[in-house]
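Here is the structure we will look at.
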Amino acid sequence: DAGVIQSPRHEVTEMGQEVTLRCKPISGHNSLFWYRQTMMRGLELLIYFNNNVPIDDSGMPEDRFSAKMPNASFSTLKIQPSEPRDSAVYFCASSLGPGLYTEAFFGQGTRLTVV
Amino acid sequence: AQSVSQHNHHVILSEAASLELGCNYSYGGTVNLFWYVQYPGQHLQLLLKYFSGDPLVKGIKGFEAEFIKSKFSFNLRKPSVQWSDTAEYFCAVKNTGGFKTIFGAGTRLFVKA
Numbered sequence: 001d002a003g004v005i006q007s008p009r010h011e012v013t014e015m016g017q018e019v020t021l022r023c024k025p026i027s028g029h030n031s032l033f034w035y036r037q038t039m040m041r042g043l044e045l046l047i048y049f050n051n052n053v054p055i056d057d058s059g060m061p062e063d064r065f066s067a068k069m070p071n072a073s074f075s076t077l078k079i080q081p082s083e084p085r086d087s088a089v090y091f092c093a094s095s096l097g098p099g100l101y102t103e104a105f106f107g108q109g110t111r112l113t114v115v
Numbered sequence: 001a002q003s004v005s006q007h008n009h010h011v012i013l014s015e016a017a018s019l020e021l022g023c024n025y026s027y028g029g030t031v032n033l034f035w036y037v038q039y040p041g042q043h044l045q046l047l048l049k050y051f052s053g054d055p056l057v058k059g060i061k062g063f064e065a066e067f068i069k070s071k072f073s074f075n076l077r078k079p080s081v082q083w084s085d086t087a088e089y090f091c092a093v094k095n096t097g098g099f100k101t102i103f104g105a106g107t108r109l110f111v112k113a
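Heads up: the protein sequence lines correspond to chains A and B, in order.
Residue numbers are given in our numbering: position 50 of the first sequence equals residue 50, and the series is strictly consecutive.
Residue numbers are given in our numbering: position 17 of the second sequence equals residue 17, and the series is strictly consecutive.
Here it is, written out as structure tokens:
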């Protein structure tokens, strides 16, 4: 299994531009999570999906952030417009289900730099 | 609010020293507990997990952790660290209330060769 696949690995963009991060979860996993990691705030859960449906987006920082999961094998996290404070590493993770007795598997992350 | 506390932000050890990283959580009820490791520039990888049964769990690379329910703790241990253990270690908890995995702030371990 290829694991959780994220793209791009690195993204540098100018303030005000739209940024789209992509994630392909492990085949057969029906829960997907987006996390953001910064030095100041550590690892924050932004949103998670179960069976392609957003369950909890309380961690999404502002309306500039949106996430979709159109099918079981693809999710996007979009920032529009981007700001320098959005610079972080964004991780996607997936698990077999939302409940107990499952663990999350992480992708390699996308390092986003907004200048 | 639900939280996970890791006692040390930075730890520096010499090779062959013993390691113990503290982790406490604030949930009641049934929990799943995890330790993840993040090597420099890499993603998070699962070191070990506790779901049920024996509270002493063994993971990869010689790590182990002990779940003490009465203390709401899940401390990570390794009897003899190596330079290659230099990484950041995250404690994480999942409980029955919403199924989110909540991570602690992380502990950066530096092992001197």
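Idealized CB from N, CA, C, for every residue including glycine.
Just so it is clear, the structure is predicted and the values come from calculations on it, not from any experiment.
By the rule that beta-carbons nearer than 9 Å mark a contact, Leu44 (chain B) touches chain A.
When only Cα atoms are considered, Ser14 (chain B) and Arg9 (chain A) end up about 33 Å apart.
Here Ser94 (chain A) is buried. Its C-beta has 16 or more other C-beta atoms within 10 Å. For the pair of segments examined, the region 16 to 28 of chain A was found not to touch the region 37 to 44 of chain A: the number of CB pairs separated by less than 8 Å stays below three. The beta carbon of Gly53 (chain B) sits no closer than 9 Å to any beta carbon of chain A. At a cut-off of 9 Å between beta carbons, Lys69 (chain B) makes no contact with chain A. By the Cβ neighbour-count rule, Phe110 (chain B) is exposed, with fewer than 16 other Cβ atoms within 10 Å of its own. Put simply, the region 68 to 80 of chain B does not touch the region 84 to 101 of chain A. Fewer than three CB pairs are less than 8 Å apart. Between the C-alpha atoms of Thr30 (chain B) and Met15 (chain A) there is a straight-line separation of about 44 Å. For Asn8 (chain B), no Cβ of chain A is located within less than 9 Å of the residue's own Cβ.
Take the alpha-carbon of Gln82 (chain B) and the one of Leu19 (chain B): they are about 10 Å apart. Taking all protein chains shown into account, Tyr35 (chain A) has 16 or more neighbouring C-beta atoms within 10 Å of its C-beta and is therefore buried. By the CB criterion at 9 Å, Phe106 (chain A) and Leu21 (chain B) fall outside the cutoff. Below the 9 Å Cβ cutoff, chain B contributes no neighbours of Gly28 (chain A), its closest Cβ being approximately 17 Å away.
Residue range Thr101 to Phe103 is occupied by the beta strand (DSSP E) that includes Phe103 (chain B).
The contact set of Ala104 (chain A) on chain B, defined by CB atoms closer than 7 Å, consists of Thr101 in chain order.
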